[in-house]
Amino acid sequence: MANTFRGGFHPIDGIRFKPQIFTVASAYAPANSNIGIARGEVVVLKTTGTIEICEAGDADLILGVVTSVKFRGSDGSPVYGGVLPTGHTYSGEANVANPNAPIIEVCVDPDMQYYACVAAGTTSALAYAGIGANMDLSATSATSTSSVYRESLRTLDGTFVAGIAQFRIDDIIRSAGNDVTSANYMVKCSINEGFHSFFSTAGI
Amino acid sequence: MAPSISSNAFSASYWQNIIEECWTDELGKDGPTWPKYLDEVSTQKKYFEDGEIAGPGLWGQTGEGEDLLLDDYGEGIKTRYEPQKFSKRLIIPEEVEEDGRYPEMYDASRMLADSCKTTQDYEAVGILNDAFTGANGHVGGDGLSYCNASHPLRGGSTFSNLMAAVSPSNTAVTTMLITTDRLPSSNGLLTAGAYKLKNIVGPTDYKWRFMEILKSGQKDDTANNAVNALKGELESYVPVRFMASRTNWFGKTNVKRGALWVWRRKPRFRNESMPQNETKVFMGSARWTQGVTNVRAFIGVNI
C-alpha cells in the first residue's frame, strides 16, 4: 500500500529549548531543486554565523531543523510563514540584529526526535532491523520545497548504515497508514553527529 | 451625451399600429443558470482570501510512560477573490416613449435586467470552459487549472480531480463516484466524512443521455435487464447551455467551500431624466467575481 508522502523533518518529542533565531547570507542560493529554505529543513551553522541547508553527508555538524521563516518581501513588508526564496538579497550585515535580514527559527535541541520519511521502501525484516542503524539525509539537489504548503520535502535517503551517518533511526512509526515496504514510510529519528554543534569542543 | 437609440433608428412600422407583437429576447423565468453549479456567497470586503489548514497525520502507537507523539499542522492553499464592477446604461430620448406604440421599444429597465442575467452566465461559465487549461486567470490557489492531475497535498504528494476522457455512460459515472469517494484530504489521507458527488454538470447535448443513465430502472447499456444501480444516486444533471465545449462534463461534489459566485453588491438599477436634452438614462451596475477555493468541487472529464 502506497504511503502518504510527508516530506520534511517534524519535531516529535516536544521542544525543550526555545527555537533559536538565525539568518542566512544575502543572496544565499541553496542547491535544492526548488525554492529555498522552509519549515522542516535541516540546517548547519557556518563559521560566518549564518545557517545553510545541510547537504547529504555534510562535513558541518547539523544545527537543527527550521520551524519558521520570516523575511522582508520586495516591497519591504514582512512575509511570515513562507519559503525564503533562493538568492534572496538584503542590505546590511548578515546577523539577526539587522532588521532587513531574514529570521529563521531553528529548533536547537540535540535530544529532539523527528518524524521523517525514508525515500525507499524495504522489507519488514530489514526495516525493523534498521532501528538503531544510521541513515543520511537525501541529497539536497534531489529534494525540493512545497511552494504551496511552504514546507521542506526533505527525506532520509533510505540506506541503513552501521557506520557514521547523519541521523539515527530510533523507531518505525507504528500507525495504520505506515507501510515499510513502500517508499516514504515514516520513522522516528534523531540527529546522530556525536556532539551537537554547540557541544563540540571546537568552536564554529 | 449621445443617446443609445433615436427615433430614426426604428422603421416606420414601429410608429404605426401595423406590428401585431413586438417581440424580444426571451429569458426563462427561473433566472441565471450559474446557481445550479456554483455556490452563491456575499462579501462586504473589497477583496478577501480563503485559506486552507492542513491538519496533522494519523495517531501512532506509544508505549506506557512514553511521551505522547507530537505532530504539527500548517497553512496551505490561499485563494484570493476580488470582485469586479460590471455595468451598462441606456439613454433613450423622450420622443421614443412619446411616439412609440409598443412599450417594448423603450422598456430599458427590462433590457438591462435581462442583459445582466445573461452576463452573469457568460462570466460564470468561464470556470467550466477554462477548467482544464487555467486560461483567463481560472487557476486555483495552487496555481494549477481547476481540474488537474497534480494538485499538491501537504507533505509533497499530489492528487487528481481529472478523469480519463470517457463519454457519458453507466461505467463512467461509476468511475466518477469512486474517484470522488477516494479524494484525499489536505494532508493526503482519506477521511471518514468522504466527499460525495452531488450531480453532473455539462452541455445541454448530454441532458437526455444522462437521464437514461441516472433515471432508468434497468442499466441502459446492456441487453440483460440488469438493475441500474445508479438510479437515484445523484441529484440531477445540470445542463449549462453556455459551455463552449459540447463534450466536456463534470461531477460536482459536496465540498463546503468549492466553486463560488461571490457578490460584493447585487445588481442595482437606477434611472433619471436629463432635462437639458430630454432623455432618460437607465443604469445598472453590480460587483461580483467567481472562482474555486477547494478544487475538489469538480471532477472533470476533458473529451
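Respectively, the protein sequence lines represent chains U and R.
With the working numbering as the guide, the letters of the first sequence map in order to residues 150 to 353.
With the working numbering as the guide, the letters of the second sequence map in order to residues 1280 to 1582.
Cβ coordinates follow ideal geometry from the N, Cα and C atoms, glycine included.
Small disclaimer: the values here were computed from a predicted structure and weren't measured.
{"Asked": "Neighbourhood of N1257 of chain R by C-beta distance below 8 Å, restricted to the same chain and skipping five residues each side", "Found": "Absent from the structure is residue 1257 of chain R, since the part of chain R shown begins at 1280 and ends at 1582."}
{"Asked": "Where the alpha helix (DSSP H) containing A1392 of chain R begins and where it ends", "Found": "1387-1403"}
{"Asked": "Chain R contact residues for I322 of chain U, given Cβ-Cβ distances below 7 Å", "Found": "G1339"}
{"Asked": "Partners in chain U for E1354 of chain R, counting only beta-carbon separations shorter than 8 Å", "Found": "G230, Y298, R299"}
{"Asked": "Under 9 Å from the C-beta of P1431 of chain R: neighbouring residues of chain U", "Found": "S295, S296, V297, Y298"}
{"Asked": "Nearest neighbour of K1364 of chain R, chosen from R:Q1569, R:M1490, R:R1575, R:A1565 [CA to CA]", "Found": "R:A1565"}
{"Asked": "Interface partners of P160 of chain U on chain R, CB under 7 Å", "Found": "L1349"}
{"Asked": "Residues near P1518 of chain R in its chain [Cβ-Cβ closer than 6 Å; skip 5 each side]", "Found": "T1483, K1486"}
{"Asked": "First through last residue of the beta strand (DSSP E) which encompasses Y263 of chain U", "Found": "262-267"}
{"Asked": "7 Å Cβ cutoff, L1456 of chain R in contact with chain U", "Found": "no"}
{"Asked": "Range covered by the alpha helix (DSSP H) that runs through F1489 of chain R", "Found": "1486-1494"}
{"Asked": "Proximity of P179 of chain U and T235 of chain U at Cβ, strictly below 7 Å", "Found": "yes"}
{"Asked": "Short Cβ contact (7 Å threshold) for Y239 of chain U with A250 of chain U", "Found": "yes"}
{"Asked": "Which listed residue (U:L275, U:T272, U:A278, U:S339) has its alpha carbon closest to that of L305 of chain U", "Found": "U:S339"}
{"Asked": "Residue-chain proximity (T153 of chain U, chain R), Cβ-Cβ < 7 Å", "Found": "yes"}
{"Asked": "Chain U contact residues for T1333 of chain R, given Cβ-Cβ distances below 8 Å", "Found": "The residue you asked about is not Thr; residue 1333 of chain R is Ala in the sequence shown. Simply Y298."}
{"Asked": "Residues sharing a beta bridge with K219 of chain U, DSSP", "Found": "U:Y229, U:I252"}
{"Asked": "P227 of chain U classed as buried or exposed, judged by whether at least 16 other C-beta atoms fall within 10 angstroms", "Found": "exposed"}
{"Asked": "G1416 of chain R in three-state terms, based on DSSP", "Found": "helix"}
{"Asked": "Positions along the stretch 1400-1413 of chain R whose CB lies within less than 9 Å of some CB in chain U", "Found": "none"}
{"Asked": "Backbone secondary structure at Y1316 of chain R - three-state DSSP", "Found": "coil"}
{"Asked": "Chain U contact for D1329 of chain R (CB, 7 Å cutoff)", "Found": "no"}
{"Asked": "Cβ-Cβ separation, N333 of chain U to A314 of chain U (assumed contact under 8 Å), whole Å", "Found": "Actually they do not touch by this definition, with Cβ atoms about 19 Å apart."}
{"Asked": "S1366 of chain R: first and last residue of the uninterrupted beta strand (DSSP E) it sits in", "Found": "1363-1372"}
{"Asked": "Identity of the residue in R:S1429, R:G1342, R:L1468, R:R1520 nearest V1574 of chain R by Cα", "Found": "R:S1429"}
{"Asked": "Local conformation of Y1381 of chain R per DSSP, three classes", "Found": "coil"}
{"Asked": "Those residues which DSSP pairs with R1359 of chain R across a bridge", "Found": "R:E1328"}
{"Asked": "At least 3 beta-carbon pairs within less than 8 Å: the stretch 1445-1460 of chain R vs the stretch 1370-1384 of chain R", "Found": "no"}
{"Asked": "Selected residue, minimal CA-CA separation from E1361 of chain R, among R:K1324, R:F1289, R:I1370", "Found": "R:K1324"}
{"Asked": "Span separating the alpha-carbon of R1549 of chain R from that of C1395 of chain R", "Found": "14 Å"}
{"Asked": "Contacts that A325 of chain U makes with chain R (C-beta to C-beta distance below 8 Å)", "Found": "L1337"}
{"Asked": "Start and end residues, beta strand (DSSP E) containing S1564 of chain R", "Found": "1558-1571"}
{"Asked": "I200 of chain U, enclosing beta strand (DSSP E) - first and last residue", "Found": "200-202"}
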